[in-house]
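Colleague: Respectively, the protein sequence lines represent chains F and V. Start counting the first sequence at 3; every next residue gets the next number (our numbering). Start counting the second sequence at 3; every next residue gets the next number (our numbering). One structure, pasted below without further comment.
Protein chains: 2
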Amino acid sequence: MAEWAKQHAGITGVVLDISGVLYDGGGDGGGVPIPGSREAVEKIKASGLKLRFCTNETQATRGKLVEKLQHLGFNISVNEVTAPAPAACRILKERNLRPHLLVHDDLVPEFDQLDKTNPNCVVIGDAADNFSYKNLNEAFRVLIGLENPILISLGRGRYYKETDGLKLDVGVYMKALEYACDVQAEVVGKPAKMFFQSALAEMEVEPQQAIMIGDDIVNDVGGAQQCGMRALQVRTGKYRPCDEQHPEVKADGYVNNLAEAVDIIVKQLHK
Amino acid sequence: MAEWAKQHAGITGVVLDISGVLYDGGGDGGGVPIPGSREAVEKIKASGLKLRFCTNETQATRGKLVEKLQHLGFNISVNEVTAPAPAACRILKERNLRPHLLVHDDLVPEFDQLDKTNPNCVVIGDAADNFSYKNLNEAFRVLIGLENPILISLGRGRYYKETDGLKLDVGVYMKALEYACDVQAEVVGKPAKMFFQSALAEMEVEPQQAIMIGDDIVNDVGGAQQCGMRALQVRTGKYRPCDEQHPEVKADGYVNNLAEAVDIIVKQLHK
């Protein structure tokens, strides 16, 4: 029995990161399931534990992402997923903001309901190949031209792993625009506290009763812990051995993959 | 008589920034001289003042840049110009570094003499359209794969002005890679002290006897002042009115353009 499970019994809800935990994404928008992860999701659902998927994925609408995962064989539906774009839309509406979008083409439909004329803020997501010099300049010019520049970033990740290698994530371009315009971005998505809190609210679970499982030591593990949750890092996806010596974040446990984590959590339930 | 000239007589050397002071660059590699600047260069040369051009320009070799300026009517030669790429080459050779280059195509010939196989550092310049997602990912993968990641940046500017608008500069992409790999870049070029010092050494002038004239409040004015020089900001190029209220840097004087600055400096000589 792992220490983290013994010391911290009483889990009633599980929050799962998607990319690098359920599957490894491909540059072509496809991907392959991580062995045992489909069965692990079924096992959580069968156990009576509450379950929420919490992703910073912004290369596609939530609907398209779920469709892809279903196609890969996962038991998942749209209303189980917490994602940055819908959260950002709520914020934009509340504050009467008209966004200039620097996002992946496939994410644009999430913002269909918003007025985008004469923009008064910039929203940046994981735009991948849309992060051209031309597009970054355009976003920069909108920001630098605003009296009160507002930059909203859908996550602050450094990089992620696809089947063909590591890829730069939105946080890198957020930092670029922050430096260019001397502004600080508002982050929607992990590791923002509000984002984890909304996932917990959807599950109706208190942070102390919830456990996050992710491959990102800072955004998944660190973010969840700051919110009062326990957090495990899986040794899949973008995990690197040096993460276990991270100077600021220490996971409650390290497991080889999601299947191993779920085995331990579910066994603990039956003690 | 402007205060800065009265208070600080004894100038024997002038250091000029190029882009935004001599001319405004065009996105097509062309550009237009700023009115009066060609005559101002002639006036400095006729006055007996020593003169050095100090640029962070890395979109072309020093030779090509000088050729363009000569074509625009400026009296300038290659050996009067201090530029980051030749300075970086000296550093790379001294330290046996084999660079992966993320620079403008036209800058590549400056690095012809260096071994670039199996790179052990990344050199980043103002790559403009070469700042694609693909190319930034490539540089990132080289860096993250090094045991001791070394990132050398040819300047740390935020943006510059071309005839068709503001453009993001190398510093923005330097920050992006710094964040992605959790490293700190070594900057070659303004505002690095060593870079100004090598310009002064070429002129054989002490910092207290030299004056820098530039359009960048941080990289030109702040950098030169940190080196012990006086510095003027011109209200051309990327100058913005808010620069005169910069929280950290105050120029010794603000002038409308190079012609006005040179008029005052040369008049002071004859007092």
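From the three backbone atoms N, C-alpha and C, an ideal C-beta is built for every residue, glycine too.
Give the interface partners of residue 134 (chain F) over in chain V, defined as CB-CB distance under 9 Å, in chain order.
Modeller: 131, 133, 134 and 135
Colleague: Assess, as a yes-or-no matter, whether the stretch 192–201 of chain F is touched by the stretch 160–172 of chain F under the definition of 3 or more beta carbon pairs within less than 8 Å.
Modeller: no
Colleague: Identify whether residue 52 (chain V) lies in helix, strand or coil by the three-state DSSP scheme.
Modeller: strand
Colleague: In angstroms with no decimal places, state the Cα-to-Cα distance between residue 197 (chain F) and residue 76 (chain V).
Modeller: So the two alpha carbons sit approximately 57 Å from each other.
Colleague: Output, in sequence order along the chain, the residues in the stretch 139–159 of chain V whose CB is closer than 8 Å to any CB in chain F.
Modeller: 139, 142, 143 and 146
Colleague: Can you confirm whether the stretch 110–119 of chain V touches the stretch 136–151 of chain V when touching is taken to mean that 3 or more C-beta pairs between the two stretches lie within less than 8 Å?
Modeller: Contact fails: fewer than three Cβ-Cβ distances are below 8 Å.
Colleague: Please say whether residue 106 (chain F) and residue 85 (chain F) have beta carbons closer to each other than 7 Å?
Modeller: Not closer than 7 Å, so no.
Colleague: Compute the distance between the beta-carbons of residue 183 (chain V) and residue 151 (chain V), then report whether it is under 7 Å.
Modeller: yes
Colleague: On the three-pair Cβ rule with 8 Å, is the stretch 213–229 of chain V touching the stretch 198–205 of chain F?
Modeller: no
Colleague: Considering Cα atoms alone, identify which of V:108, V:79, V:80 and V:113 is closest to residue 92 (chain V).
Modeller: Ranked by how close their Cα comes to the Cα of residue 92 (chain V), the residues V:108, V:79, V:80 and V:113 have V:113 in first place.
Colleague: With distances taken from CA atoms, which of V:147, V:154 and V:149 is nearest residue 126 (chain V)?
Modeller: V:154
Colleague: Find the residues of chain F that neighbour residue 174 (chain V), judging by a C-beta separation of less than 7 Å, and give them in chain order.
Modeller: By Cβ distance, chain F contributes 178, 181 and 182.
Colleague: Hey, is residue 161 (chain F)'s beta-carbon within less than 7 Å of any beta-carbon in chain V?
Modeller: yes
Colleague: Evaluate residue 243 (chain V) with the Cβ neighbour count: other Cβ atoms within 10 Å of its Cβ, from every protein chain shown; 16 or more gives buried, anything less gives exposed.
Modeller: Around the C-beta of residue 243 (chain V), fewer than 16 other C-beta atoms lie within 10 Å, and the residue is accordingly described as exposed.
Colleague: Pick helix, strand or coil for residue 92 (chain F), following the three-state DSSP scheme.
Modeller: helix
Colleague: Given that residue 167 (chain V) touches chain F, what residues does it touch there, using C-beta distances under 9 Å?
Modeller: 139 and 143
Colleague: Looking only at its chain, what residues have a beta carbon closer than 8 Å to the beta carbon of residue 138 (chain F), apart from the 5 residues adjacent to it on each side?
Modeller: 104, 175, 178 and 179
Colleague: List the residues of chain F whose Cβ lies closer than 8 Å to the Cβ of residue 170 (chain V), in chain order.
Modeller: 135, 138, 139, 142, 178 and 182
Colleague: Measure the Cβ-Cβ separation of residue 42 (chain V) and residue 264 (chain V) and say whether it is below 7 Å.
Modeller: yes
Colleague: Looking at the secondary structure, which residues open and close the beta strand (DSSP E) in which residue 235 (chain V) lies?
Modeller: 232–236
Colleague: Taking residue 26 (chain F) as part of the beta strand (DSSP E), name the residues at either end of that continuous run.
Modeller: Unbroken beta strand (DSSP E) run through residue 26 (chain F): 25–27.
Colleague: Between the stretch 246–263 of chain V and the stretch 230–237 of chain V, do three or more beta carbon pairs fall short of 8 Å?
Modeller: yes
Colleague: Out of F:19, F:13 and F:252, which one is the CA nearest neighbour of residue 217 (chain F)?
Modeller: F:19
Colleague: What are the complete beta strand (DSSP E) segments, minimum 3 residues, inside the stretch 168–212 of chain F?
Modeller: 188–190
Colleague: Is it right to say residue 221 (chain V) is buried, meaning 16 or more other beta carbons lie within 10 angstroms of its own, or is it exposed?
Modeller: buried
Colleague: When the Cα atoms are used, what is the spatial distance from residue 251 (chain F) to residue 33 (chain V)?
Modeller: 51 Å
Colleague: Taking only runs of the beta strand (DSSP E) that begin and end inside the stretch 99–181 of chain F, which ones reach a length of at least 3 residues, in chain order?
Modeller: Taken in chain order, the whole beta strand (DSSP E) runs of length 3 or more contained in the stretch 99–181 of chain F are 101–104, 123–126, 153–156, 161–164 and 167–170.
Colleague: I need the straight-line Cα distance from residue 24 (chain V) to residue 16 (chain V), nearest angstrom please.
Modeller: Counting only the Cα atoms, residue 16 (chain V) lies some 14 Å from residue 24 (chain V).
Colleague: Ignore the nearest five residues each way along the sequence and tell me which others in residue 124 (chain F)'s own chain have a CB closer than 6 Å to its CB.
Modeller: 102, 141, 144, 145 and 153
Colleague: Within 10 Å of its beta-carbon, does residue 167 (chain F) have 16 or more other beta-carbons around it, so buried, or fewer, so exposed?
Modeller: Exposed, because fewer than 16 other Cβ atoms sit within 10 Å of the Cβ of residue 167 (chain F).
Colleague: Can you tell me whether DSSP reads residue 215 (chain F) as helix, strand or coil?
Modeller: strand
Colleague: Looking only at C-alpha atoms, which of V:40, V:54 and V:230 sits nearest to residue 73 (chain V)?
Modeller: V:40
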